Amino acid sequence: MSYIDELTTALGKEKVLVDPAERFVYGADWSPRTPDEFVSPDVVILPRTTRDVQRTVKVAYEHSIPVTAGGGLTGMLGGAVPMFKGIYIDTTTMNSVVEVDQKNQTIRVQAGATLQEVNDAVQPYDLWLPHQPESKWVSTVGSAIACDNDSTFGVRYGKILNCLLSAEIVTGTGEILELGHRKAHFTSSGYKLKDLLAGSEGTLGVITEATLKLEPIPATRRVEMLVFPRLGAAVDYLSRLLKAGLCIEAAHINCKRRLRFYTQTYKQKYGKEPEIPAWGEALLAISFAGDKAVVDFQRDEAVRLSKEFEAQLVEERELVESWWTSKYTLDFEPFKQKWPDSQTKKKFGAADPGVPVGRLEEFYHKFVEVAEKHRLDIIGMNAYLEHPNSIGFSLSCAVYVDYRDADEVKRFREFHDELSKMAIAFEGT
1 MSYIDELTTA
11 LGKEKVLVDP
21 AERFVYGADW
31 SPRTPDEFVS
41 PDVVILPRTT
51 RDVQRTVKVA
61 YEHSIPVTAG
71 GGLTGMLGGA
81 VPMFKGIYID
91 TTTMNSVVEV
101 DQKNQTIRVQ
111 AGATLQEVND
121 AVQPYDLWLP
131 HQPESKWVST
141 VGSAIACDND
151 STFGVRYGKI
161 LNCLLSAEIV
171 TGTGEILELG
181 HRKAHFTSSG
191 YKLKDLLAGS
201 EGTLGVITEA
211 TLKLEPIPAT
221 RRVEMLVFPR
231 LGAAVDYLSR
241 LLKAGLCIEA
251 AHINCKRRLR
261 FYTQTYKQKY
271 GKEPEIPAWG
281 EALLAISFAG
291 DKAVVDFQRD
301 EAVRLSKEFE
311 AQLVEERELV
321 ESWWTSKYTL
331 DFEPFKQKWP
341 DSQTKKKFGA
351 ADPGVPVGRL
361 EEFYHKFVEV
371 AEKHRLDIIG
381 MNAYLEHPNS
391 IGFSLSCAVY
401 VDYRDADEVK
411 RFREFHDELS
421 KMAIAFEGT
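Listed below in structure tokens is the structure:
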């Protein structure tokens with residue numbers, strides 16, 4: 001009996017995909033790759049429970065078959081691509097909400113639930129999961145943990161690890177383990193094994209369930225955007241806000257090129273690019289959230305302090321709201337969205353380095369230099385602030401990539417490698 005027959009017997013035919021057309025769609029994520037680089041797994045498993053994953057992994061272990069687990073396939077670095085074929089575990093079929101505990105402000109979900117589905121489940125309780133990447137409609141809980149992806153609200157709430165209390169995994173030998181401290185929001189004892197899951201990309205096990213910490217939904221939110229003459233000035237300004245004691249909910253520093261990528265709704269409505277002052281080299285978007293009186297005070301104080309840094313407040317609310325739509329609400333009109341060429345003719349390709357806070361501006365110029373060296377069209381840089389109540393960058397240095405052009409894909413990978421090594425030389429990662 002082949003291992004695929006064993007899987008079919010153990011799980012049932014409805015959970016095992018062997019048809020080439022059905023397997024083909026699992027051959028790529030959002031990373032730039034040419035059509036001939038698509039790699040279909042030999043078999044796809046559609047589990048419903050942790051036990052299904054356990055049975056699958058045990059069969060794979062006994063037959064030395066490689067296993068790749070994936071979620072929404074929104075990753076941009078090929079982490080969920082079954083490069084060695086074998087078994088692909090599609091965790092999106094495990095998307096049930098196990099429990100919402102309003103009193104303890106936690107939710108237990110299967111790993112295939114999307115981040116948006118989590119928030120849909122807890123919104124009636126006036127709670128939310130603040131880990132909110134732009135891909136939240138398709139990004140799953142398990143993938144968010146495994147990839148340690150960025151969040152719109154990182155400067156206040158951190159990333160998914162700051163929300164992760166406990167996780168159930170299936171190890172490479174088929175053991176089921178629970179890592180973490182269940183519903184307790186904090187522990188001072190023992191190894192923090194659950195923390196190792198963040199960024200592990202399936203190498204330590206397949207995540208099947210997770211318990212996440214929730215937060216009360218803020219009553220009010222205000223979003224503003226400011227233009228700065230330099231990227232470094234925007235960093236200094238944020239440091240000043242934190243020193244003043246302001247509680248920033250979201251903060252994103254964009255180069256002026258990158259802003260144009262995010263303002264699709266503005267272009268859709270007005271048929272033109274937004275007008276940014278010619279002297280502007282950085283655009284900072286910030287939000288404050290909470291009770292209205294507190295939010296209004298913090299917003300006004302932030303605007304007052306901006307004058308120390310030669311910043312200009314963006315008065316054009318349509319521009320501010322269109323950026324916020326692209327980052328958070330994603331409230332686009334179906335089938336009438338003027339999407340950038342990166343989504344039709346060319347793909348969005350990015351390197352995601354981290355550099356010391358004092359070297360952002362210097363690194364940005366190196367990014368432009370390296371992209372031009374490899375003859376790639378530049379989208380721009382966005383600095384996500386991902387460390388709670390302090391300045392810690394996760395950079396997105398993005399370019400356009402024609403995935404049908406093998407030479408351009410090759411040049412993108414060379415660009416990615418060079419920029420990653422440069423980040424290390426900058427004493428970053």
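The sequence shown begins at 1 in our numbering and counts up by one.
From the three backbone atoms N, C-alpha and C, an ideal C-beta is built for every residue, glycine too.
From a predicted model like this one, the values you see are computed outputs, not experimental measurements.
Check, Outcome
"Local Cβ density within 10 Å of residue 137, reported as buried at 16 or more and exposed below that", "exposed"
"Pair within 8 Å by beta-carbon distance, residue 140 and residue 205", "no"
"Within 8 Å, strictly: CB atoms of residue 43 and residue 16", "yes"
"For residue 292, the three-state DSSP class (helix, strand or coil)", "helix"
"Selected residue, minimal CA-CA separation from residue 293, among 219, 404 and 423", "219"
"Contact check, residue 214 vs residue 127, beta carbons under 8 Å", "yes"
"Contacts around residue 10, its chain only, beta-carbon distance under 6 Å, and the 5 residues preceding and following it disregarded", "55"
"Whole beta strand (DSSP E) elements within the segment 313-387, 3-residue minimum", "347-351 and 378-385"
"The segment 306-319 contacting the segment 223-232, beta-carbon criterion three pairs below 8 Å", "yes"
"Residue environment, residue 450, which counts as buried when at least 16 other CB atoms sit within 10 Å", "The displayed coordinates of the chain run from 1 to 429. Any statement about residue 450 would go beyond what the structure contains."
"Buried/exposed call for residue 433, threshold 16 Cβ in 10 Å", "Missing from the structure shown is residue 433; the chain here goes from 1 to 429 and no further."
"Short Cβ contact (8 Å threshold) for residue 60 with residue 53", "no"
"Opening and closing residue of the beta strand (DSSP E) in which residue 400 lies", "393-401"
"Buried versus exposed, by CB contacts within 10 Å (16 or more), residue 168", "buried"
"Cutoff 7 Å; reference residue 266; Cβ partners in own chain excluding five residues on either side", "274, 318, 319 and 322"
"Start and end residues, beta strand (DSSP E) containing residue 238", "Taken as a continuous stretch (DSSP letters only), residue 238 belongs to no beta strand (DSSP E), being part of the alpha helix (DSSP H) at 231-244."
"Inter-residue spacing [alpha-carbon to alpha-carbon] between residue 210 and residue 353", "27 Å"
"Sub-8 Å separation of residue 164 and residue 185 beta-carbons", "no"
"Chain-order list of residues whose beta-carbon lies under 6 Å from that of residue 279 (same chain, five-residue window excluded)", "229"
"Rounded Cβ spacing between residue 146 and residue 89 (contact assumed at less than 8 Å)", "The Cβ separation is near 12 Å, so there is no contact."
"Integer Cβ distance of residue 250 from residue 155, believed to fall under 8 Å", "6 Å"
"Endpoints, the beta strand (DSSP E) within which residue 4 is located", "Premise fails: residue 4 lies in the alpha helix (DSSP H), 3-11, not in any beta strand (DSSP E)."
"Contact check, residue 378 vs residue 261, beta carbons under 8 Å", "no"
"Cβ-based burial, residue 29 [other Cβ within 10 Å; buried from 16]", "buried"
"Start-to-end residues for the alpha helix (DSSP H) that takes in residue 132", "First-last for residue 132: undefined, no H or E at that position."
"Bounding residues of the alpha helix (DSSP H) (the contiguous stretch that carries residue 54)", "50-63"
"Contained beta strand (DSSP E) runs [length at least 3] in the segment 145-179, N- to C-terminal order", "164-170"
"Helix, strand or coil at residue 103 [DSSP, three-state]", "coil"
"Where residue 210 falls: helix, strand or coil (DSSP)", "strand"
"Touching by the beta-carbon criterion (3+ pairs, under 8 Å), the segment 393-408 and the segment 170-185", "no"
"Residue 6 versus residue 121 - alpha carbon distance", "36 Å"
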